[in-house]
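Chemist: Chains as they are written, first to last, in our numbering: chain F, -8 to 215; chain C, -8 to 215; chain X, 15 to 239; chain H, 15 to 239; chain U, 259 to 486.
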Amino acid sequence: MHSVWTPLLLSLKVAGWATALNLIFGVAVAYGLSRWRSTARDLVDSILTLPLVLPPTVLGYYLLVLFGRRGTFGAWLDSIGVQLVFTWQGAVVASTIVAFPLVLKAARAAFENVDAQLEDAARILGVSELGVFFRVSLPLAAKGIVAGVLLAFARALGEFGATLMIAGNLPGRTQTLSVAIYEAVQAGDDATATMLVLITSITCVVVLMVAGRLVPNRTPLPLR
Amino acid sequence: MHSVWTPLLLSLKVAGWATALNLIFGVAVAYGLSRWRSTARDLVDSILTLPLVLPPTVLGYYLLVLFGRRGTFGAWLDSIGVQLVFTWQGAVVASTIVAFPLVLKAARAAFENVDAQLEDAARILGVSELGVFFRVSLPLAAKGIVAGVLLAFARALGEFGATLMIAGNLPGRTQTLSVAIYEAVQAGDDATATMLVLITSITCVVVLMVAGRLVPNRTPLPLR
Amino acid sequence: MSVEIQIQKELRAGERSFRLNISFASESRRIVLYGPSGSGKSLTLKAMAGLMTPDSGSIRLHQRLLFDARQRINLKPQQRKVAYLFQDYALFPHLTVAQNIAFGLRSGALNLSRPTEHPSVQKWLQAFDLKNIAGNYPAQISGGQRQRVALARALVPEPDILLLDEPFSALDLSLRERMRKELGELQQQLQVPMLLITHDPADVEALGEVVFDVRDGEIQGQRTL
Amino acid sequence: MSVEIQIQKELRAGERSFRLNISFASESRRIVLYGPSGSGKSLTLKAMAGLMTPDSGSIRLHQRLLFDARQRINLKPQQRKVAYLFQDYALFPHLTVAQNIAFGLRSGALNLSRPTEHPSVQKWLQAFDLKNIAGNYPAQISGGQRQRVALARALVPEPDILLLDEPFSALDLSLRERMRKELGELQQQLQVPMLLITHDPADVEALGEVVFDVRDGEIQGQRTL
Amino acid sequence: TDLVVSAAASLTNAFKDLAQSFEQQNPGVKVITNFGASDILMQQIVQGAPADVFASADQTAMDKAVAEKAVNAATRKNFAANQIVLIVPNDSKLNLSSLNDLTKPEVKHIAYGNPASVPFGRYTKVALEHAGLWDQVSAKGVLAQNVRQSLDYVARGEVEAGFVFATDAAVMPDKVKVAVRIPSDSPATYPIALTAGTKQSELAAKFLAYVLSPTGQTVLARYGFLKP
Ligand SMILES: Nc1ncnc2c1ncn2[C@@H]1O[C@H](COP(=O)(O)OP(=O)(O)OP(=O)(O)O)[C@@H](O)[C@H]1O
Ligand SMILES: Nc1ncnc2c1ncn2[C@@H]1O[C@H](COP(=O)(O)OP(=O)(O)OP(=O)(O)O)[C@@H](O)[C@H]1O
Ligand code: MOO
Ligand SMILES: [Mg+2]
Ligand SMILES: [Mg+2]
Chain F
-8 MHSVWTPLLL SLKVAGWATA LNLIFGVAVA YGLSRWRSTA RDLVDSILTL
42 PLVLPPTVLG YYLLVLFGRR GTFGAWLDSI GVQLVFTWQG AVVASTIVAF
92 PLVLKAARAA FENVDAQLED AARILGVSEL GVFFRVSLPL AAKGIVAGVL
142 LAFARALGEF GATLMIAGNL PGRTQTLSVA IYEAVQAGDD ATATMLVLIT
192 SITCVVVLMV AGRLVPNRTP LPLR
Chain C
-8 MHSVWTPLLL SLKVAGWATA LNLIFGVAVA YGLSRWRSTA RDLVDSILTL
42 PLVLPPTVLG YYLLVLFGRR GTFGAWLDSI GVQLVFTWQG AVVASTIVAF
92 PLVLKAARAA FENVDAQLED AARILGVSEL GVFFRVSLPL AAKGIVAGVL
142 LAFARALGEF GATLMIAGNL PGRTQTLSVA IYEAVQAGDD ATATMLVLIT
192 SITCVVVLMV AGRLVPNRTP LPLR
Chain X
15 MSVEIQIQKE LRAGERSFRL NISFASESRR IVLYGPSGSG KSLTLKAMAG
65 LMTPDSGSIR LHQRLLFDAR QRINLKPQQR KVAYLFQDYA LFPHLTVAQN
115 IAFGLRSGAL NLSRPTEHPS VQKWLQAFDL KNIAGNYPAQ ISGGQRQRVA
165 LARALVPEPD ILLLDEPFSA LDLSLRERMR KELGELQQQL QVPMLLITHD
215 PADVEALGEV VFDVRDGEIQ GQRTL
Chain H
15 MSVEIQIQKE LRAGERSFRL NISFASESRR IVLYGPSGSG KSLTLKAMAG
65 LMTPDSGSIR LHQRLLFDAR QRINLKPQQR KVAYLFQDYA LFPHLTVAQN
115 IAFGLRSGAL NLSRPTEHPS VQKWLQAFDL KNIAGNYPAQ ISGGQRQRVA
165 LARALVPEPD ILLLDEPFSA LDLSLRERMR KELGELQQQL QVPMLLITHD
215 PADVEALGEV VFDVRDGEIQ GQRTL
Chain U
259 TDLVVSAAAS LTNAFKDLAQ SFEQQNPGVK VITNFGASDI LMQQIVQGAP
309 ADVFASADQT AMDKAVAEKA VNAATRKNFA ANQIVLIVPN DSKLNLSSLN
359 DLTKPEVKHI AYGNPASVPF GRYTKVALEH AGLWDQVSAK GVLAQNVRQS
409 LDYVARGEVE AGFVFATDAA VMPDKVKVAV RIPSDSPATY PIALTAGTKQ
459 SELAAKFLAY VLSPTGQTVL ARYGFLKP
């Protein structure tokens, strides 16, 4: 067993990147979907939920087919010098895709809950659509979005099925905490497993609690 | 390969039960947490998110230890004639736990978004706390809750890591679609895998779209 | 004494703090709170309804003690049996006008199934001219219609006291007159005290017996009409 | 003509439908819409602000065409340069009083960083007596305070027209008088038309030149003061 | 009656076949297979899963089951053997012909099972230690969770070489070719045993006997398994 720091830092790096990517894409797609008036909307939404319904290992398998050296997309990536298979970047891609629906759904529900009249009030004040988004919709939806993003972070931290497939299990290079835990459990090494599980759990709890506090809570104190 | 109907029906049964259980427990716990004024609240919330951060296989292992005949809890269950290991009920337990945080977070964010003044208005009208919950908080939080519940359903449908551990891979009895897909991919049987993936995907999209329509959308039509 | 209130509360918001120190008592059944914006009128009504817990003091209604800081008595809003019209209405956005009005007729987990058929819902739909919007949602009605729905909703459960925060502010003159009459009749019939916040001298004249002047969180004076 | 409007809209809600058929034109810069609750006053203002798209007709402000169904012209709310006071205020709950008032001073993605230092924010905080609550959130202020914040927010960007939906309904008499004066002065100074919805005869007297009577979705009459 | 057989993943095809013919010979009996990695199956049985028969891909997993008293040690028998082979993609131009060639710098990644948790990984490790190459090879290692993953990596050309069971290499003759057969002095033997908790030991014993019988052995041989 390597030191626990290597997989822990790797896990945080991978989950951090995956969360950041999902924050951007998930929120953007959710906003688009929540404003899009079309019957195709729910279909697109359901299809974007699919990464959740496929067993991660299977998803990882398809990612491998797609991004592998012999995959269409992988060959192109290879030609521009990007290598996803057996790299931590591959783990980021896997975790991002697996956690994407969590941010999407949460953000969409949050955006749809924002009072449309407030957005109109901003428009009348001459504020651009970009301004309406950043100054009204986003802050009012923040609570729901953050809930989704934290879920995505936890999921990315726990992801190992798809990661294992595409990023492989190269000790010290792509072995995330989850993969290490899996290994330990498989090997019947309960002591190591328990220690690693505790480390992941504590890390996750700490990150969730700190992140939860970063969002300003503007609910006024109740008068009673 | 059995007919695809057996694993499909089994998957729907397991995911359906898991979703129903999560709807009840997730919403109840979320409501409790959203009303609980204590600093311990966020800690409890983070801890309840942990099923997401543990690799499902590992979670499954702990469930196996807990619910197996040698486990304290399992021994007691055994004495009252309940057997979870290698049964579909075991798969329900695994899927429920894995998907629980999704409902919890979504429902908590939704409840906290409900205007407290409306709940007070109901109380002043003499309505019991139960009435406030069912007639004000729940309908106003419905959109966010449903988003979470649908995620949970998709996740339960896709769960196989923990399921494989506790419920095993018994064709016709505990072999859900996800497990069957996993097995087909493992066996290099790409044709079967692709077919099963398509079936799961279509099932999931259909269920999500139908369920999404069951919630009455009360947002008034915009005037423009 | 039908109403007896003597409460203190310190409210902090940002760097500012507001001190509420209200005390008055009256046998009258028609009391008006009158005063400038931000003086503490709405907070006083909230304290009576149980939506704001004072730091100290007590609130008594007839001989019933609703709140007493020293005896640690603090009845729940449900137990206070008050009718409360919120200044900003607080209508349930997911319920129709009729369902909003009927809301207090059931205290359990279910809404009344056919609200428009209930006699008191019918009565107030009629009295406040809301019949033709009974099936509409709050987002689909006008400002004055909302205010009337909120008032009807508050009055339906036949309470022990009426707490009304500017009940007619969004209405035109003729409707105001008509509703003043309806409200005055209801109050006479129920024989319950009514506490009214208003800026309209005509309301004071028609519905007030005693007027308390509220200023900077305190009662500064009292007039009997 | 400074304001020229001629629009139709059919609104359906549940089983009921409401037909709006408004047409008037006026050179006057002080126009009052007067009429009973639910007659279509707020909808008319919404159409002017671009929040409601009429089925047919046109809206012209000075010589600018804001809306024309036949020519398929429909300016965005951002392009109409109107000040609009919502009947229910529509304050941003996540911004302080000062941030709310300063909101329209920036059109981009960021809020003004020190709103209280901006001269026009200062001016209106002063004029409407809101200085000491500048740092508070809407949930922490009284009803009348909210209404004043909403009015200040609408007036700050110096618009081409003022659309005010019952701007003083939640205020006491002395504050009302003071604000009427402020508003009258602003309107004179900007020399822009003002469309006011009110139920208060004193408002009509102080701020109105022409009064249009709205009833059942139509203009039923016109008075010049 | 139902008979639950937990068998190593590498036995999947062969045991499906065996189960079917056993059912035909014993009307009314239903064999329910549970395929998975040997160590997982072992853990399930140790925790009291209601399996009747356990067929493992190596002795280590079975040893643990015995130590935990989860299987009936007296019934333990070796029923098949397998071979570890080094495979390369069919279009490989590296010309690997001995284990020593794995040290070539062109060989960047080598897939094999995790010795800590999967039988074929343990076999690989033994073989490489035997050849004195373990340290060099493990520096390039990609740990697969099971044979199929290792096979898949090679078939896709993601790794330059990988270790798998001979029976698995035979599944994809169009994509991979065997470069080196590990000498048979370190055979991979498969043990089978009845679980301690079985409630139908008679029927389970009958199945076990069937696997060991000439008919059973023929079936296994058809899928490339060797005699133990
Ligand atoms: N939740 C709160 N936190 C802090 N201060 C508050 C809060 N609610 C109200 N206040 C302050 O308390 C004072 C009294 O408020 P209140 O709502 O009682 O005024 P009011 O007399 O009803 O005025 P109006 O006629 O404008 O409605 C105001 O200055 C207000 O800013
Ligand atoms: N979104 C909507 N959908 C359907 N009907 C609506 C909608 N909004 C308003 N109405 C109806 O249109 C009519 C006119 O509404 P409007 O808000 O213009 O009234 P108003 O003249 O402003 O009345 P008030 O003085 O009460 O505010 C009302 O009968 C109202 O119920
Ligand atoms: O047959 Mo195994 O248990 O995957 O090496
Ligand atoms: Mg007030
Ligand atoms: Mg109106």
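Even glycine gets a Cβ: it sits at the ideal position worked out from N, Cα and C.
(1) Less than 8 Å between CB atoms is the rule here; does F58/C satisfy it with respect to chain D?
(2) Apart from the five residues on each side of it in sequence, which residues of its chain come closer than 6 Å, Cβ to Cβ, to A101/C?
(3) Is K55/H near ligand 2 - that is, is its Cβ less than 7 Å away from at least one heavy atom of it?
(4) Under the three-state reduction of DSSP, which class applies to S217/F: helix, strand or coil?
(5) Three-state secondary structure (DSSP) at K398/U?
(6) When the Cα atoms are used, what is the spatial distance from L155/C to V170/C?
(7) Are there any heavy atoms of ligand 2 lying less than 7 Å away from the beta-carbon of N125/X, as far as the coordinates show?
(8) What residue range is occupied by the uninterrupted alpha helix (DSSP H) comprising A53/F?
(9) Which full runs of the alpha helix (DSSP H) of 4+ residues lie inside the segment 117 to 172 of chain C, going along the chain?
(10) So, is the C-beta of G222/H closer than 8 Å to a C-beta in chain X?
(11) Which same chain residues, not among the five before or five after H132/X, have their C-beta less than 7 Å away from its C-beta?
(12) Hey, L139/X and A112/X are a contact pair by Cβ (cut 8 Å); roughly how many whole angstroms apart?
(13) At 7 Å on the CB atoms, spell out the chain H contacts of R215/C, in chain order.
(14) Do we get a CB-CB distance below 8 Å when we pair K60/X with the residues of chain F?
(15) Can you give me the C-alpha to C-alpha distance between H367/U and Q403/U, rounded to a whole angstrom?
(16) With a threshold of 8 Å between beta-carbons, can P181/X be considered close to chain C, or not?
(17) With DSSP as the reference, identify every bridge partner of E232/X, one or two as the case may be.
(18) Using a Cβ-Cβ cut-off of 8 Å, state whether P92/F counts as contacting chain C.
(19) What do you reckon, are the CB atoms on I21/X and A63/X nearer than 8 Å?
(20) Smallest Cα separation from P68/X: which of R44/X, N35/X, L99/X and R43/X?
(21) Starting from the Cα of Y53/C, find the closest Cα among I172/F, A138/F and A112/F and give me that residue.
(22) Any heavy atom of ligand 4 closer than 7 Å to the CB of D143/H?
(23) How about Q236/H: is its C-beta nearer than 8 Å to some C-beta of chain X?
(24) Can you pull out the residues from the segment 143 to 156 of chain F whose beta carbon lies closer than 7 Å to at least one beta carbon of chain U?
(25) Are T425/U and Q394/U touching if we call contact CB-CB under 8 Å?
(26) Do the CB positions of P445/U and F337/U come within less than 8 Å of each other?
(27) Give the range of the alpha helix (DSSP H) segment to which V365/U is assigned.
(28) Once you ignore the five residues that flank A113/F on each side, which residues in its own chain have a CB closer than 8 Å to its CB?
(29) What residues of chain H sit near N150/X, judged by a beta carbon separation below 7 Å?
(30) Can you tell which of P215/H, L57/H, F106/H and R78/H has the C-alpha that lies nearest to the C-alpha of S16/H?
(31) DSSP state of Y22/C, grouped into three classes?
(32) So for Q20/X, helix, strand or coil by DSSP?
(33) P46/C touches chain F at which residues, Cβ-Cβ below 7 Å?
(34) Run down chain C in chain order and give the residues with a C-beta less than 8 Å from the C-beta of G117/F.
(35) Under three-state DSSP, which class holds T10/F?
(36) To the nearest whole angstrom, what separates the beta carbons of Q201/X and M208/X, a pair I think is in contact under 8 Å?
Modeler: Walking through what the data contain:
(1) In the structure shown, chain D cannot be found, because the protein chains are F, C, X, H and U.
(2) A132, G135 and I136
(3) yes
(4) Because chain F is modelled from -8 through 215, residue 217/F falls outside the range shown and cannot be assessed.
(5) coil
(6) 7 Å
(7) no
(8) The question names Ala, yet the displayed sequence has Tyr at residue 53/F. Y53/F -> alpha helix (DSSP H) spans P47 to F58.
(9) 120 to 123, 129 to 149 and 152 to 158
(10) no
(11) A116, L119 and L126
(12) 7 Å
(13) L65, M66 and T67
(14) yes
(15) 16 Å
(16) no
(17) N35/X and R229/X
(18) yes
(19) no
(20) N35/X
(21) I172/F
(22) no
(23) no
(24) L155
(25) no
(26) no
(27) Run containing V365/U: none; DSSP gives neither H nor E here.
(28) G122, V123, R126 and V127
(29) A27, G28 and R30
(30) R78/H
(31) helix
(32) strand
(33) G149, F151, S169, I172 and Y173
(34) Near G117/F there are no residues of chain C at all, since even the closest Cβ is about 18 Å away, more than 8 Å.
(35) helix
(36) 5 Å
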